[in-house]
Structures are given as C-alpha cells and as structure tokens.
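Novice:
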Amino acid sequence: MKKYLIRRVLQIFPTLFGVSLLSFSLLYLFPGDPAEFVAQIRYGVEPSPQIVEEVRRELGLDEPFLIHYFHWLTHVLRGDFGVSWTEGEPVSKLIMQRLPASAELFFTTFAISVAFAMILGVISAVRKDKAIDHFCRIFSLLGISIPSFWLGLILIWIFSVQLHLLPAFGYGGIEHLILPVLTWSFSFMAIKTRFVRSCLLEALSQDYVVVAKAKGLRERVIVFRHALRNALIPIITYFSLSIHHLIIGSIMVEVVFSWPGLGSLLVESVFKRDFPVVQALVLISGVVFVIVNLIVDLLYAIIDPRIRFGD
Amino acid sequence: MAKRWEIEKDGKIITFELNKGIKFSDGTELKADAVKFTVEWLAKNHPLGQETFESAEVVDDYTVSIKYKEEGFFNLAKMAEFHMSIMSPKSVKPEGDPKGNFVWPIGSGCFKAVDYKEEQYAIYEPNPYWFERFGLKPKFRRFVVKFIKDEDTRVMALKGGQVDAISDFIHGGSDYTPRNQLSVLESMGFKVFKRNIPLTWIIAFNYKKEPFNDVKLRKAVDLAINRDDVIKIFDKQVLPAKTLFIEDAPGIKEAKAQGVIYEFKPDEAKRIVEENGYKGLSVDMIVDKNQSDQILVAQLIQQKLRDIGINVKLEILETGAYRQRRDAGEYDMRLYYIGGTDRRFYLRMFWRFYPGQKWSAYVSDRTGELCKKILKEFDEKKRKQYLVEFYKAIHDEHGVVPLYFDIMTAVTAKNVVADYYHVFHYPNGIPFGEPLFYYVGVRA
Numbered sequence: 001m002k003k004y005l006i007r008r009v010l011q012i013f014p015t016l017f018g019v020s021l022l023s024f025s026l027l028y029l030f031p032g033d034p035a036e037f038v039a040q041i042r043y044g045v046e047p048s049p050q051i052v053e054e055v056r057r058e059l060g061l062d063e064p065f066l067i068h069y070f071h072w073l074t075h076v077l078r079g080d081f082g083v084s085w086t087e088g089e090p091v092s093k094l095i096m097q098r099l100p101a102s103a104e105l106f107f108t109t110f111a112i113s114v115a116f117a118m119i120l121g122v123i124s125a126v127r128k129d130k131a132i133d134h135f136c137r138i139f140s141l142l143g144i145s146i147p148s149f150w151l152g153l154i155l156i157w158i159f160s161v162q163l164h165l166l167p168a169f170g171y172g173g174i175e176h177l178i179l180p181v182l183t184w185s186f187s188f189m190a191i192k193t194r195f196v197r198s199c200l201l202e203a204l205s206q207d208y209v210v211v212a213k214a215k216g217l218r219e220r221v222i223v224f225r226h227a228l229r230n231a232l233i234p235i236i237t238y239f240s241l242s243i244h245h246l247i248i249g250s251i252m253v254e255v256v257f258s259w260p261g262l263g264s265l266l267v268e269s270v271f272k273r274d275f276p277v278v279q280a281l282v283l284i285s286g287v288v289f290v291i292v293n294l295i296v297d298l299l300y301a302i303i304d305p306r307i308r309f310g311d
Numbered sequence: 001m002a003k004r005w006e007i008e009k010d011g012k013i014i015t016f017e018l019n020k021g022i023k024f025s026d027g028t029e030l031k032a033d034a035v036k037f038t039v040e041w042l043a044k045n046h047p048l049g050q051e052t053f054e055s056a057e058v059v060d061d062y063t064v065s066i067k068y069k070e071e072g073f074f075n076l077a078k079m080a081e082f083h084m085s086i087m088s089p090k091s092v093k094p095e096g097d098p099k100g101n102f103v104w105p106i107g108s109g110c111f112k113a114v115d116y117k118e119e120q121y122a123i124y125e126p127n128p129y130w131f132e133r134f135g136l137k138p139k140f141r142r143f144v145v146k147f148i149k150d151e152d153t154r155v156m157a158l159k160g161g162q163v164d165a166i167s168d169f170i171h172g173g174s175d176y177t178p179r180n181q182l183s184v185l186e187s188m189g190f191k192v193f194k195r196n197i198p199l200t201w202i203i204a205f206n207y208k209k210e211p212f213n214d215v216k217l218r219k220a221v222d223l224a225i226n227r228d229d230v231i232k233i234f235d236k237q238v239l240p241a242k243t244l245f246i247e248d249a250p251g252i253k254e255a256k257a258q259g260v261i262y263e264f265k266p267d268e269a270k271r272i273v274e275e276n277g278y279k280g281l282s283v284d285m286i287v288d289k290n291q292s293d294q295i296l297v298a299q300l301i302q303q304k305l306r307d308i309g310i311n312v313k314l315e316i317l318e319t320g321a322y323r324q325r326r327d328a329g330e331y332d333m334r335l336y337y338i339g340g341t342d343r344r345f346y347l348r349m350f351w352r353f354y355p356g357q358k359w360s361a362y363v364s365d366r367t368g369e370l371c372k373k374i375l376k377e378f379d380e381k382k383r384k385q386y387l388v389e390f391y392k393a394i395h396d397e398h399g400v401v402p403l404y405f406d407i408m409t410a411v412t413a414k415n416v417v418a419d420y421y422h423v424f425h426y427p428n429g430i431p432f433g434e435p436l437f438y439y440v441g442v443r444a
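In structure tokens form, the structure reads like this:
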C-alpha cells in the first residue's frame, strides 16, 4: 500500500509539469498579438506600433519561450501568479475576489444536482422502461440538449420579466442565486442522472443481485444495501471529478446572469488576452483536477484492495 | 472650461485662460496647476499624452500654456478626447506627482464617483459644484451603473424593472442594445433615445494588392451594395450611408451638394465586372466573430456581390485570428468603422486616413495630403473646404464603401424623467455623442 501511495504521488509530478507547460503555452498558442490587445484595453485608444512594442517589452513577451516559461514557473512555484496585464492587480487577488461567488454557485448547484441526480437515477434504474423511467430519461435528454444560455434567458423571461419574482442578473442575496443555480443544475444533474442510472443498472444485473433476489430479500434492501453501494464507486469518482467545474463549468451561466465568478473572469481575460489570469486559472483548474483524481485513486485503493494488488 | 485660448507658432503652443469658479468634485478649485499636472501625468502615463504634449507652464492661477510636440489644429481637437479630461492632482498618489499612481477619479464633471467594483458596478452622486455652475438642481441622489455583459439580459433587466435605463457602449467596436429590440421596447412604453453619430461602418479593401488595387473593381463593389437592404438587418433603426458621414459631420452637406453621393447601380457594377474580366473572381472577406451583426452584413455583401459575378469567401474568425489576418494583410475585404462619437471625429480621422497609421482604412497620396491639411488647419472655413475635397477624393478613388451610420441609444423606463435634449446635450447646448444622464430622475 505504501509503495502504491508513493508511486501514485510521484506520478502526478510529470502530469503537473505538463499542465503548467500547457497553461503557459496558451500565451503562444492563441492567435493575435497579446501586446496589441493589452495596449488597447489599457489605454482605451488604438495604440501606435511604438506603444505596442513598449507594452511587449514591459510584459516580457520579447523573451525567448523557455526563459519566459522558467521565469513564470519559478514565480508560480512560490505562489505568485504575477500581475494582471490589464487590471494591474495581483492575479491571486483577482482570483480570491471572484472565488466566493464561484464557490457559492458551484457548491449550491453541486449539492442540488447530486441530490436530484441520485433520486432520479435510482428511480429510473429501478423502474426501468416504465413511465417514470421514460420521464427521467426525457428530462435528462433535455438537460443535456438545452444550451445553458438559452435556458437562462427563458428563466429570466419567466421569473423576472413576467412574474417579477427574481432578479435577472447580479450577485447578492439568495434571490440572486436561484436562477443561475436552476439553470446550471438542469444540465449538471441531467448528465449525472444518466450516469447513476447506468451504473445502478449494471450493478443490478450482477450475479449477487440474482442471488439476493433468490434469497427472497426485499427490493429496497437489494437496491440500497447491495447494488447501490457497489455502484457508488464510479459514481463518487465521477461526481468528485466535477470539481473542476468550479472554475470553468459555469462560464455561460455567469455571462448570462452577470455573475462575478471565476468563469466570467476566465472569459473576460481570454477576450482581453490577460494571460497571467488565464494561465493561473487553467493551471489551478488542472492542478485541482489532478489532485482530486489522486485522492479518488487512493480512496479506491483503500476501498478495493484489488486495485493496488492488480497494479 | 476654457474662457479663451491663444494659438502661437501654428498651434505648437496654445495658452488657455480658464473660467474662474470651476470646482472639482472634492470642492477644490480647478486652476492652472491642475491642468499642468494633468498634462504632465498624461505625458508620462498615456500614449495619447506621450505623443501629444511636450510640457505645460503655469502663467498665473487661471492661465496655462501648453507646448505640443507637433503643430496644428489636431492638438486642440484632441483636447476634447475623454482621456484628456482635467483631473485633480489629488487623483494620484503621491498627490500631484506626474509619476504618481492613479488612485481615485476626481474630476469637475456632473458625477462624483462614490464606489465601484471592477466589471460589476459604479456608484455616483451628483457633483454639487457642477450643478451649481450650470444653475441646475439634480433630479437624482445616486446614479448606479451596473455591468450586464449579455445584451439580452440587459434588455430583460429593463423589462423586468431591475434597471431604469440601458445604454450603448461604442468605443472600438460596439456593445449595444439589439437594434431589433428598439421598436419592441418603444411599443411597450419604454422611451428610446437615439442619436446618429459620425461613425460609419464601411467595407475596407486590401487596396495595396490585387485585385482591389484596381479602382474599377472597388467602384463595382461600391455600386453593387444596396444600403437600404443593409439597414434592414438593424430593423431600419440606423441610416443608410449614402455619404461618408452623417449630415451633421463637418463638410458633408457641402460635399453632398457637389454630388459626392454613394449610389446603388447594380447594372453598372455588373458591366464594370464583365468589361474588366472580373466575372467569376473569388475574394476573401474576413469578419470578426465578436461582432455578430457584422456577420449578417457580410453575408448580405456576399449575396450582393454574387449578383454581379464576384464570389466572396467569408471567413468568420475569432478576434485574435481576425487581427492576425488583418495585420498580415491576408484578406481582400473586411468590415471596419471610421469616425466615432463627435469628440473623437478628428482623432479617428488621424487613425484611419493619415499616412503611415497601422489602423488605417484607406490612404492615397491625395487623401493622405488632404488629411494632413485637415488636421493642421485652425481656420474652420478652410478646414471644411479641405474636408469636402477629402470626401470627394475618397469617393473618386472608391477608397472605402460606406454602408450605414451607427447610432447611440439609451432606453429608459416609463418612470424615468428625461428628455432628448438633456440626454444628448451639455447644459450649454453643445451636442454630445454619448447619452448623458445628468438631468434625469426616477419617479418614486
């Protein structure tokens, strides 16, 4: 177990290196001259070639790729993501300013989606091919198919314009949270409902379920004590990995509702070519994903000994 | 702000005498030292200041002499640009230091900044000194500007009563109330304030290379475009550009009287294409994906040019990719804008038509020389005469194809007390491009 633990921890370093390299390379992969974008945003006028060159020098964009990457990485390792090119503020400060709104939106959506996905997924699997299953499947299909921005606008039209019940935009009290959470939860839970359903159906088709049925156990006991518990491993993994949505998952919802979270910060920064912010957000998202993945893998090994021995 | 000014050395030095009694929003008086400080701060911190100012000297408390890098009228025109607004030396830290960091906006305009959060909101209160100066009583206690990125959400926030007004933002591209929503809003009882501004959307050619280095082909494209069809994309809320700028722009009426008009003559366009062997020609048109209305305009152009035998290959690109292609000159046609709000008219003339500018729309020996003369000439009559010649030259050379005139709008709810005059004019009667909200109020 100890050897497995050490090996898995060591394995994440090349991955993290790859993530950092990819995050940094975005600067060079995006089309257009970032110095020109930044100069225009910073000064609000169409900059002359001289000004663009000055900005390029100031941002260190005239340095060779590897030197620039090395500078960036050494700072990042010390927790310094640099200063935003357009706001002039430390990137970490900008991220911390937006994190509470993102966390509020994500965790509320996550909690609601997981709860409903579990309920609907289980009902759908247990009542397979019955009317309730068809309803749940259509509901999931709609959730996957309807674009968030369209659903968001429809909800604004109903609840803000027609009924005057909820605000159409902004960040504030719980009333501001309802429509964005509803919009995001719809697609978020749709995919998860399908996943719960298929995992549970697979578990219900196993031999031990047949044995349990033959023993005369009640359906509720078979589903919840045996099948669902076994199906929970992939479900927990899948749900845990959706943590990366904290940063990038809510972009459309944040834009439609003017929600000041990390998703809209990422979009704004991409449009402004504010690369220190883009790089930091992509890197953090990647690192969070890798670490959660590692934790889930380690938990797997604890729950299921076959994994570490098989490995 | 200035009572009078004296021009020396062909405009290389302009000495301004300030009106007395103008106060900043913090109550301190705006005197010559604040102008000197602003000039020096801009010369150190802003590209426009860097390329414009050499130095400033306080003559007395209310007189300041500004020395410019170049001579000419352009210096005076640039002073109308909002970046050049005179700010209090207390706006920076250390106070009054031209190298200081900007910390808080303290100006002499109608609003006093109270609070703001980047990309979320800005809160203002009336600047009592400004209202006192114009003998007005403010109709509002607080003015809150909220940032709503999505245009449809903005409209619904107005319809749902969460905001009292929505406004366009046009500075280098546009973010505006969807034009097809304006008449709908009006029919619902909202008040729509609309002003034509000297900002014209055009077709810009890559005129330095084939095939659009041929004026005959540019003429054919010009004659093939029905501007009355273009404005249908905008629910006819904008005007078709049959002149280079709106009639209120300097020199346009005079140029029009001399026959400088852009017409729709598809048969002649077709004949030119056929006679010059351009039938079946394929050209590339690049469009910025961010400007969704421009995609529709480009599709219409594609259709109109197909009618005269030219195939347009549309390439709808992400902004960065679009700029890359533009800068590399890898395109034949693109959509672009010339002019701007009234105060930016001459500045954009410099950016779009002055020789050697990266952001140019069209420059030839003739138009370049005329542009230089326009930006140098202090005498208004002579300047207008050069402008008329300039419009004529652009028209003769078919340098650009004007499509439609952009507008600036503000839409207000029923309970908002506002009138057109106050929305688009200063209290002294000077028209202003962007909507001003100094004299609006909201009924309780």
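So the protein lines, in turn, are chains A and B. Its first residue numbered 1, the first sequence is counted upward by one per residue in the numbering used here. Its first residue numbered 1, the second sequence is counted upward by one per residue in the numbering used here. C-beta: ideal position from N, C-alpha, C; glycine also.
By how many angstroms is the C-alpha of serine 25/A removed from the C-alpha of serine 364/B?
Specialist: Using only the alpha carbons, I get a separation of about 41 Å.
Novice: My output table needs one value for glutamate 125/B: the three-state DSSP class, helix, strand or coil.
Specialist: strand
Novice: With 9 Å as the limit, tell me which residues of the stretch 297-327 of chain B have their beta carbon closer than that to any beta carbon of chain A; keep them in chain order.
Specialist: Leu317, Glu318, Thr319, Gly320, Ala321, Tyr322, Arg323, Gln324, Arg325, Asp327
Novice: Let me check one thing: in DSSP terms, what residues is alanine 165/B bridge-paired to?
Specialist: Note: alanine 165/B sits in a beta bridge opposite Thr412/B.
Novice: Write down every uninterrupted run of the alpha helix (DSSP H) in the stretch 42-83 of chain A whose length is 4 residues or greater and which is fully enclosed by it, in chain order.
Specialist: As far as the stretch 42-83 of chain A is concerned, its whole alpha helix (DSSP H) runs of at least 4 residues are 49-58, 65-77.
Novice: Can you pull out the residues from the stretch 23-46 of chain A whose beta carbon lies closer than 8 Å to at least one beta carbon of chain B?
Specialist: Within the stretch 23-46 of chain A, those residues whose Cβ lies closer than 8 Å to any Cβ of chain B are, in chain order, Phe30, Pro31, Gly32, Asp33, Glu36, Phe37, Ala39, Gln40, Tyr43, Gly44, Val45, Glu46.
Novice: Is the CB of leucine 185/B under 8 Å away from at least one CB in chain A?
Specialist: Interface annotation, leucine 185/B: not in contact with chain A, CB-CB separation never under 8 Å.
Novice: How is the beta strand (DSSP E) around threonine 319/B delimited, first residue to last?
Specialist: It is not in any beta strand (DSSP E) - threonine 319/B instead sits in the alpha helix (DSSP H) that spans 319-328.
Novice: Roughly how many angstroms lie between the CA atoms of lysine 192/A and alanine 214/A, to the nearest whole one?
Specialist: 31 Å
Novice: For serine 205/A, name the three-state secondary structure that DSSP assigns.
Specialist: coil
Novice: Should aspartate 235/B and leucine 182/B be called a contact, given that it needs their Cβ atoms to be closer than 8 Å?
Specialist: yes
Novice: I need the DSSP call for isoleucine 202/B, collapsed to helix, strand or coil.
Specialist: Isoleucine 202/B falls in the strand class under three-state DSSP.
Novice: Give the straight-line distance between the Cα atoms of glycine 433/B and leucine 77/A, rounded to the nearest whole angstrom.
Specialist: Here the C-alpha atom of glycine 433/B lies approximately 49 Å from the C-alpha atom of leucine 77/A.
Novice: Can you give the beta carbon distance from leucine 135/A to threonine 153/B, rounded, assuming they're within the 8 Å contact cut?
Specialist: Looking at the sequence provided, one finds phenylalanine at residue 135/A rather than leucine. Their Cβ separation, rounded to whole angstroms, is 31 Å, which puts phenylalanine 135/A and threonine 153/B out of contact at 8 Å.
Novice: Quick check on the DSSP output: the alpha helix (DSSP H) that includes valine 13/A runs from which residue to which?
Specialist: According to the sequence shown, residue 13/A is phenylalanine rather than valine. Start and end: 2-29.
Novice: Helix, strand or coil for tryptophan 157/A? Go by DSSP, reduced to three states.
Specialist: Helix.
Novice: Among Lys372/B, Asn180/B, Asp406/B, Leu403/B, which residue has its Cα nearest to the Cα of phenylalanine 390/B?
Specialist: Lys372/B
Novice: Would isoleucine 308/B and alanine 220/B qualify as a contact pair, given that the criterion is a beta-carbon distance under 8 Å?
Specialist: yes
Novice: Alpha carbons only, please: which of Lys313/B, Arg348/B, Ile246/B is nearest the one belonging to alanine 80/B?
Specialist: Arg348/B
Novice: Output needed for arginine 56/A: all residues of its chain with C-beta closer than 7 Å, excluding positions within five of it in sequence on either side, in chain order.
Specialist: Ala35, Asp62
Novice: What does histidine 164/A touch in chain B if you count any residue whose Cβ is under 7 Å from its own?
Specialist: Simply Gly160, Gly161.
Novice: Using a cut-off of 9 Å between C-beta atoms, extract the partners of glutamate 58/A located in chain B.
Specialist: Here the premise fails: no neighbours, minimum Cβ distance about 13 Å.
Novice: For phenylalanine 193/B, write down the residues that DSSP places opposite it in a beta bridge.
Specialist: Ala410/B
Novice: Closer than 8 Å, CB to CB, is glycine 170/A near chain B or not?
Specialist: yes
Novice: Do you know how far the Cα of glutamate 254/A is from the Cα of histidine 444/B?
Specialist: Note that residue 444/B corresponds to alanine in the displayed sequence, not to histidine. Those two C-alpha atoms are separated by around 31 Å.
Novice: Using three-state DSSP, classify aspartate 311/A as helix, strand or coil.
Specialist: For aspartate 311/A, the predicted structure reports a pLDDT of 47, less than 50, and the residue's modelled location is therefore unreliable. A value from the coordinates is still provided. In the structure shown, aspartate 311/A sits in coil (DSSP, three-state: anything other than H, G, I, E or B).
Novice: Which residues of the stretch 352-369 of chain B have a Cβ closer than 7 Å to any Cβ of chain A? Give them in chain order.
Specialist: Lys358, Trp359
Novice: Can we say the stretch 159-166 of chain A touches the stretch 87-95 of chain A, given the rule of at least three CB pairs closer than 8 Å?
Specialist: no
Novice: Grab me the residues of leucine 200/A's own chain with a C-beta within less than 7 Å of its C-beta, minus the 5 sequence neighbours each way, in chain order.
Specialist: Hits under 7 Å: Gly121, Val122, Ala125, Ala227, Leu228, Ala231.
Novice: In the DSSP output, which residue or residues are listed as bridge partners for aspartate 60/B?
Specialist: Thr63/B
Novice: Go ahead and label aspartate 311/A buried or exposed: buried means 16 or more other beta carbons lie within 10 angstroms of its beta carbon, across all protein chains shown.
Specialist: In this prediction, aspartate 311/A has a pLDDT of 47, which is less than 50 and means its spatial position is unreliable; nothing more can be read from the coordinates.
Novice: Could you check whether the Cβ of serine 48/A sits closer than 8 Å to any Cβ belonging to chain B?
Specialist: yes
Novice: Is tyrosine 322/B closer than 8 Å to isoleucine 295/B when the C-beta atoms are compared?
Specialist: no
Novice: Tell me which residues share the same chain as phenylalanine 147/B and place their Cβ nearer than 7 Å to its Cβ, disregarding the 5 neighbours each side in the sequence.
Specialist: Glu119, Gln120, Tyr121
Novice: Give every residue of the same chain whose Cβ lies closer than 6 Å to the Cβ of tyrosine 116/B, excluding the five residues on either side of it in the sequence, and list them in chain order.
Specialist: Ala122
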